[in-house]
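Chemist: Quick note: the sequence shown, position 26, residue 26 per UniProt numbering, numbers continuous. Take a look at the following structure, please.
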Amino acid sequence: MVVHPPPNAVLRERAPAKVNLTLRVLGRRADGYHDLSSLVAFAGVGDRLALLPGTELALALEGPGAPALAGEGDNLVLRAARALAARVPGLVTGRFTLAKRLPVAAGLGGGSADAAAALRLLARANGLETDDDRLFEAALATGSDVPACLYGRSCRMGGRGEAITPLALPRFGAVLVNPRVAVATVDVFRALALAPGTRCGEAAPAPEAASRSGLLAWLRTELNDLEPPARALAPVLGAVERALEATSGARLVRMSGSGATMFALYDDCRAAAAAARIVAAAHPGWWVKSTVLG
């Protein structure tokens with residue numbers, strides 16, 4: 001049963017950071033999109049989005065990341081709202097307020113998570129079921145990462161982002177580190193330089209439900225294929241990797257998405273928090289967050 005919110009109520013949603021534990025590029029299709037296979041988890045840190053339902057679509061920005069988006073003419077929040085409005089006649093929209101906490105162009109799916117949060121808010125404002133196909137269609141029309149962010153739980157993402165397979169993953173403590181260097185996804189894929197029609201391989205079998213050590217063993221056999229071109233564009237990633245690998249208890253260090261955020265996995269939140277304090281103290285100019293994944 002769908003419950004409609006009371007009139008003039010401000011609705012709120014989290015937009016958690018998306019972390020690509022793996023990211024294999026399987027090829028480039030004739031339409032220009034890349035076929036991917038990625039194991040995705042969501043973090044306990046992220047942006048926040050609010051919606052005051054109304055007749056006029058608008059977006060206000062606040063938070064530490066707001067200046068980086070101030071000149072953006074077509075934020076993904078607005079794009080997602082317009083994509084849903086094109087599919088739902090008479091859709092109630094309103095004024096969004098985005099508290100931008102994640103770094104921009106960081107490989108954490110921040111904009112996609114914001115767009116997915118906008119779709120969830122609009123679903124609540126309009127009494128749409130969460131499994132309404134139009135939400136998924138609007139998500140995919142907005143961006144390749146948005147369907148996974150709309151799902152919002154650990155999953156395997158395939159195709160260009162439209163194939164979502166739920167996966168139960170054990171929980172890890174984690175540290176996310178961005179050296180405050182923006183790396184545009186389009187530049188990373190351009191550096192990868194795959195011609196349309198190129199096929200690089202097939203997706204590996206998904207990991208079975210396993211212990212933390214079993215999943216770590218599987219993760220070490222799968223990589224992030226975007227890491228080499230991202231490192232060429234942002235050599236500072238090498239320093240970030242070394243800083244994380246030097247922390248006690250780091251079980252896996254890797255880049256997320258198209259960069260330039262690196263993550264490290266730990267057995268628990270206490271180890272992750274201790275590692276984050278060490279990295280932040282040594283590199284005060286970096287964005288460093290301890291969190292939970294899984």
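Built from N, CA and C at the ideal position, the CB exists for glycine as well. Predicted model, so just to flag it, every value in this text is computed and none were measured.
#1: Look at the alpha carbon of A148 and the alpha carbon of G285, and state the distance between them as a whole number of angstroms.
#2: Could you tell me which of M255, E241 and R270 sits nearest to G107, measuring between CA atoms?
#3: Quick check on G268: buried or exposed, where buried means 16 or more other Cβ atoms within 10 Å of its Cβ?
#4: Output the distance between the C-alpha atoms of L121 and D31, rounded to the nearest integer angstrom.
#5: Roughly how many angstroms lie between the CA atoms of residue 313 and T198, to the nearest whole one?
#6: In this structure, how does DSSP classify S154 when only helix, strand and coil are distinguished?
#7: Whole-angstrom Cβ separation of A275 and A260, contact assumed at under 8 Å?
#8: Can you list, in chain order, the residues of its chain whose CB lies under 6 Å from that of H283, leaving out five sequence neighbours each side?
#9: Just to confirm, is the Cβ distance from D114 to L51 under 9 Å?
#10: Determine the DSSP secondary structure at R160, reduced to helix, strand or coil.
#11: Do you know how far the Cα of K289 is from the Cα of L176?
#12: Restricting to runs no shorter than 3 residues, where is the beta strand (DSSP E) found entirely within the segment 90-116?
#13: Could you tell me which uninterrupted alpha helix (DSSP H) segments, each at least 4 residues in length, are contained entirely in the UniProt domain "GHMP kinase C-terminal" (221-282), listed from first to last along the chain?
Modeler: If we stick to the structure as given:
#1: For this step, residue 148 is matched to residue 148 along the sequence shown. For this step, residue 285 is matched to residue 285 along the sequence shown. Roughly 31 Å between the two C-alpha positions.
#2: On the sequence shown, position 107 is the one that residue 107 refers to. Looking at the Cα atoms, M255 is the closest of the given residues.
#3: Against the sequence shown, residue 268 aligns to sequence position 268. According to the sequence as given, residue 268 is Asp; it is not Gly. By the neighbour-count rule (16 or more Cβ atoms within 10 Å), D268 is not buried but exposed.
#4: For this step, residue 121 is matched to residue 121 along the sequence shown. For this step, residue 31 is matched to residue 31 along the sequence shown. Going from the Cα of L121 to the Cα of D31 covers about 32 Å.
#5: Look at the range of the chain in this structure, 1 to 294, and you will see that residue 313 is not part of it.
#6: In the sequence shown, the residue the question calls residue 154 occupies position 154. Coil.
#7: Here residue 275 is taken as the residue at index 275 of the sequence shown, counted from 1. Here residue 260 is taken as the residue at index 260 of the sequence shown, counted from 1. Contact doesn't hold; Cβ gap of about 19 Å is too wide.
#8: Residue mapping note: residue 283 aligns to position 283 of the sequence shown, counting from 1. Around H283: no qualifying Cβ.
#9: The residue given as residue 114 occupies position 114 in the sequence shown. The residue given as residue 51 occupies position 51 in the sequence shown. Taking 9 Å as the Cβ cut-off, D114 and L51 do not qualify as a contacting pair.
#10: Along the sequence shown, one-based indexing puts residue 160 at 160. Residue state for R160 is assigned as coil, using DSSP reduced to three classes.
#11: By 1-based counting over the sequence shown, the position of residue 176 is 176. By 1-based counting over the sequence shown, the position of residue 289 is 289. One C-alpha to the other measures close to 5 Å.
#12: Taken in chain order, the unbroken stretches of beta strand (DSSP E) that lie wholly in the segment 90-116 and span 3 residues or more are 93-99.
#13: Within the UniProt domain "GHMP kinase C-terminal" (221-282), the complete alpha helix (DSSP H) runs of at least 4 residues are 227-233, 237-245 and 269-282.
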